[in-house]
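Participant: In the working numbering, the protein residues as written are 18 to 570.
Even for Gly, the Cβ is constructed at its ideal location relative to N, Cα and C.
Nothing here was measured: the structure is a model prediction, and the numbers come from that model.
Take a look at the following structure, please.
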């Protein structure tokens with residue numbers, strides 16, 4: 018890592034900030050549009066279109082990824098499909114199969130950006146059971162195993178076929194213990210041609226841990242499938258499940274996903290509940306004191322909507338749970354609709370969405386409203402029906418918290434309008450809009466100070482403008498690496514936020530159908546910080562680095 022951040026890097030950050038306001042179509046979209054015209058095909062930009070859930074899931078996610086194909090509309094006898102590559106063999110197979118089932122199937126050309134945007138919105142379906150089946154078990158992890166897990170895993174590459182000394186239970190427990198020790202959010206077991214690769218996602222970054230003998234894997238895989246409630250004899254289709262881990266007198270939920278690959282079934286474990294008490298405290302999200310007061314004031318209101326947006330994995334759900342934890346008292350009733358339930362919260366009624374059984378967000382919301390709750394949390398607004406009911410709930414004396422996918426806070430309004438929401442109604446019910454991302458925190462044990470150059474300070478001042486002061490003798494910090502942070506230089510993550518308080522002036526702009534740019538400008542004039550500005554405030558405070566801020570924005 019270079020000692021000094023050069024001007025070009027700062028220029029990149031500045032340019033990224035400017036692009037937040039740009040709403041015109043990109044060069045790549047123009048190129049795809051021209052290509053579609055030359056190929057005598059219709060063009061579609063799925064980044065600006067709300068895709069129906071039933072249409073999206075008509076093509077399984079793994080097939081959609083292989084064929085770079087998205088189904089975005091499904092009628093009784095008509096279908097609309099988009100593809101990125103006219104010569105993708107898997108895509109051609111998918112379309113040929115769909116044409117056999119529907120009288121009309123129109124194929125559009127889309128950009129890779131459109132595909133990536135839509136594929137990220139595929140719902141993660143998880144199998145939940147009200148009763149534990151006989152095949153499902155729990156795993157108990159001791160502190161001793163957590164401390165010894167790394168040393169044990171390092172012996173695995175040398176085991177070869179001699180695995181008599183390693184029981185299946187020990188192997189699976191050691192894997193999870195090592196993930197806990199490294200504060201991993203996800204554990205990945207990926208079969209390769211001759212071995213198995215263990216990878217961990219720590220603070221949003223994937224890390225290769227070790228490759229070990231494939232001879233260990235079959236029974237390890239079966240063990241994970243057994244405790245997760247998956248079918249052992251199903252190997253050619255994806256499966257999802259859940260189990261519980263006990264460690265340090267606490268319980269941690271683990272979601273398990275199996276997926277067939279060319280070298281066998283890959284397994285991913287999502288560990289839920291690490292540092293749970295810390296994360297669900299609203300003070301620990303990373304919201305600055307001034308903006309935190311705005312959030313708390315809006316949570317105290319008797320009705321209205323608080324909506325969050327951000328990329329997958331940006332901490333939206335954790336923020337919602339923190340808001341609910343702050344709001345929760347014995348005097349109010351809180352109900353949630355989720356897909357899936359991430360954390361189980363005491364004193365709150367949580368409902369698991371099950372599309373296959375007909376329990377959609379729309380139907381669930383209708384049932385929830387009949388239960389007379391004070392606060393409703395909807396995991397995600399995905400379709401016009403859900404948008405309509407949530408808006409109606411917010412107008413009838415409920416606080417509604419939810420998420421949806423948009424590029425910035427003003428685009429949340431645009432997305433709702435695209436779903437059929439009336440601007441006047443939105444102006445009446447919207448209280449707070451939040452866009453967020455996560456940046457890695459510098460390890461406080463080993464971070465190193467470094468004087469910022471005058472050029473860097475000047476560039477930062479241009480971006481920050483008058484939002485907060487930047488000293489002329491600014492000291493920044495850079496990562497070094499130590500045993501405390503596994504020599505990464507970073508430990509933990511914190512949010513950067515763009516928090517738009519819906520003032521009277523902004524309500525007028527919404528009702529008058531003003532553009533996102535006009536709404537954005539008004540919010541900035543009222544003191545709203547952009548993502549980049551809030552990120553720079555954390556850089557100045559020594560919590561993160563300019564390189565990390567650039568990486569996520």
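So residue 87 packs on residue 99, CB below 8 Å; how close in whole Å?
Facilitator: Position 70 of the chain shown, counted from the start, is the residue given in the question as residue 87. Position 82 of the chain shown, counted from the start, is the residue given in the question as residue 99. That belief holds up - the Cβ atoms of residue 87 and residue 99 are roughly 5 Å apart, short of 8 Å.
Participant: Using 8 Å as the cut-off, can you tell me whether the region 413-430 makes contact with the region 513-522, which would need three or more C-beta pairs spanning the two stretches below that distance?
Facilitator: Enough Cβ pairs lie closer than 8 Å, so yes.
Participant: Between which two residues does the beta strand (DSSP E) containing residue 324 stretch?
Facilitator: As a first step, residue 324 is located in the chain shown; it is residue number 307 there, counting from the start. First-last of the beta strand (DSSP E) with residue 324: 321-326.
Participant: Between the beta-carbon of residue 561 and the beta-carbon of residue 459, is there less than 8 Å?
Facilitator: For the purposes of this step, residue 561 is taken as residue 544 along the chain shown, with counting starting at 1. For the purposes of this step, residue 459 is taken as residue 442 along the chain shown, with counting starting at 1. Yes, the Cβ-Cβ distance between residue 561 and residue 459 is below 8 Å.
Participant: Give the DSSP-derived three-state secondary structure of residue 99 in the structure shown.
Facilitator: Locating residue 99 in the chain shown gives position 82, counting from the first residue. DSSP places residue 99 in strand when its eight states are reduced to three.
Participant: How long is the line joining the alpha carbons of residue 71 and residue 187, rounded to whole angstroms?
Facilitator: Taking the chain shown and counting its residues from 1, one reaches residue 71 at position 54. Taking the chain shown and counting its residues from 1, one reaches residue 187 at position 170. Approximately 42 Å, taken between the alpha carbons.
Participant: Thinking just about the alpha-carbon of each residue, which of 83, 120 and 95 is nearest to the one in residue 109?
Facilitator: In the chain shown, the residue the question calls residue 109 occupies position 92. For the residues 83, 120 and 95, the minimum Cα distance to residue 109 belongs to 83.
Participant: In its own chain, which residues sit with a C-beta less than 8 Å from the C-beta of residue 546, not counting the 5 before and 5 after it?
Facilitator: For this step, residue 546 is matched to residue 529 along the chain shown. Closer than 8 Å at Cβ, skipping near neighbours: 305, 308, 484, 514, 515, 516 and 554.
Participant: Going by DSSP in three states, residue 132 sits in which element: helix, strand or coil?
Facilitator: Locating residue 132 in the chain shown gives position 115, counting from the first residue. Of the three classes helix, strand and coil, the one that applies to residue 132 here is helix, per DSSP.
Participant: Bridge partners of residue 90, per DSSP?
Facilitator: Position 73 of the chain shown, counted from the start, is the residue given in the question as residue 90. BP columns for residue 90 point to 97.
Participant: Is residue 448 closer than 8 Å to residue 323 when the C-beta atoms are compared?
Facilitator: As a first step, residue 323 must be located in the chain shown, where it is residue number 306. As a first step, residue 448 must be located in the chain shown, where it is residue number 431. It is a contact, given that the beta carbons lie within the stated cut-off.
Participant: Straight-line CA distance for residue 373 to residue 271?
Facilitator: The residue you call residue 373 lines up with position 356 of the chain shown. The residue you call residue 271 lines up with position 254 of the chain shown. Residue 373 and residue 271: Cα-Cα distance of roughly 22 Å.
Participant: Using the Cα positions of residue 195 and residue 490, report the straight-line distance between them to the nearest angstrom.
Facilitator: By one-based count along the chain shown, residue 195 stands at place 178. By one-based count along the chain shown, residue 490 stands at place 473. Roughly 42 Å between the two C-alpha positions.
Participant: So is residue 189 buried or exposed if we call it buried at 16+ other beta carbons inside 10 Å?
Facilitator: On the chain shown, position 172 is the one that residue 189 refers to. Burial call: buried.
Participant: Since residue 174 and residue 137 are thought to touch, with beta carbons under 8 Å apart, how far apart are those beta carbons, to the nearest angstrom?
Facilitator: As a first step, residue 174 is located in the chain shown; it is residue number 157 there, counting from the start. As a first step, residue 137 is located in the chain shown; it is residue number 120 there, counting from the start. In fact, because the Cβ distance is near 34 Å, the residues do not count as touching under 8 Å.
Participant: Does the region 330-339 come close enough to the region 375-390 that 3 or more CB-CB pairs lie under 8 Å?
Facilitator: Counting Cβ pairs under 8 Å, fewer than three are found: no touch.
Participant: Okay, do the region 468-487 and the region 520-539 touch, 3+ Cβ pairs below 8 Å being the bar?
Facilitator: No contact exists between the region 468-487 and the region 520-539.
Participant: Would you report the Cα separation of residue 493 and residue 269, rounded to the nearest angstrom?
Facilitator: Translated into positions along the chain shown, residue 493 becomes position 476. Translated into positions along the chain shown, residue 269 becomes position 252. Approximately 37 Å between the Cα atoms of the pair.
Participant: Are residue 326 and residue 421 closer than 8 Å when you measure CB to CB?
Facilitator: Position 309 of the chain shown, counting from 1, holds the residue named residue 326. Position 404 of the chain shown, counting from 1, holds the residue named residue 421. It is a contact, given that the beta carbons lie within the stated cut-off.
Participant: To the nearest angstrom, report how far apart residue 205 and residue 440 are at their CA atoms.
Facilitator: Here residue 205 refers to the residue found at position 188 of the chain shown. Here residue 440 refers to the residue found at position 423 of the chain shown. Taking the straight line joining both Cα atoms gives about 44 Å.
Participant: Just to confirm the assignment, what range does the beta strand (DSSP E) spanning residue 205 have?
Facilitator: Position 188 of the chain shown, counting from 1, holds the residue named residue 205. Residues 201-208.
Participant: Would you list the residues sitting across from residue 53 in a DSSP beta bridge?
Facilitator: By one-based count along the chain shown, residue 53 stands at place 36. Looking at the DSSP assignment, residue 53 forms no beta bridge with any residue, so it has no partner.
Participant: Identify the residues that DSSP records as bridge partners of residue 216: which are they?
Facilitator: In the chain shown, residue 216 corresponds to position 199, counting from 1. Per DSSP, 205 and 225.
Participant: CB of residue 562 to nearest heavy atom of the ligand ATP: below 7 Å?
Facilitator: Ligands in the displayed structure: none, and consequently the ligand ATP is not present.
Participant: Is the CB of residue 549 under 8 Å away from at least one CB in chain B?
Facilitator: In the displayed structure, chain B is absent; only one protein chain is listed.
Participant: Distance, Cα to Cα, residue 573 vs residue 510?
Facilitator: The first residue shown for the chain is 18 and the last is 570, placing residue 573 beyond what the model contains.
Participant: Among 91, 135 and 101, which one has its Cα closest to the Cα of residue 579?
Facilitator: Because the chain is modelled from 18 through 570, residue 579 falls outside the range shown and cannot be assessed.
Participant: Could you tell me the boundaries of the alpha helix (DSSP H) in which residue 496 lies?
Facilitator: Translated into the one-based positions of the chain shown, residue 496 becomes position 479. Element bounds for residue 496: n/a, residue is neither H nor E.
Participant: May I ask you to report which of helix, strand or coil DSSP gives residue 314?
Facilitator: The residue given as residue 314 occupies position 297 in the chain shown. Residue state, collapsed to three classes: helix.
Participant: I believe residue 500 touches residue 507 by the beta-carbon criterion, under 8 Å. Please report the beta-carbon distance rounded to the nearest angstrom.
Facilitator: Working through the chain shown from its first residue, we reach residue 500 at position 483. Working through the chain shown from its first residue, we reach residue 507 at position 490. Their Cβ separation, rounded to whole angstroms, is 14 Å, which puts residue 500 and residue 507 out of contact at 8 Å.
Participant: Give the secondary structure of residue 519 by DSSP, where H, G and I count as helix, E and B as strand, and everything else as coil.
Facilitator: The count along the chain shown starts at 1 and reaches residue 519 at position 502. In this structure, residue 519 counts as coil in the three-state DSSP scheme.
Participant: With a 10 Å radius around its C-beta and 16 neighbouring C-beta atoms as the bar for buried, classify residue 389 as buried or exposed.
Facilitator: The residue given as residue 389 occupies position 372 in the chain shown. Exposed, since its Cβ has fewer than 16 Cβ neighbours within 10 Å.
Participant: Go to residue 280, then tell me how far its alpha helix (DSSP H) extends in each direction, as first and last residue.
Facilitator: The residue you call residue 280 lines up with position 263 of the chain shown. Taken as a continuous stretch (DSSP letters only), residue 280 belongs to no alpha helix (DSSP H), as it is neither H nor E.
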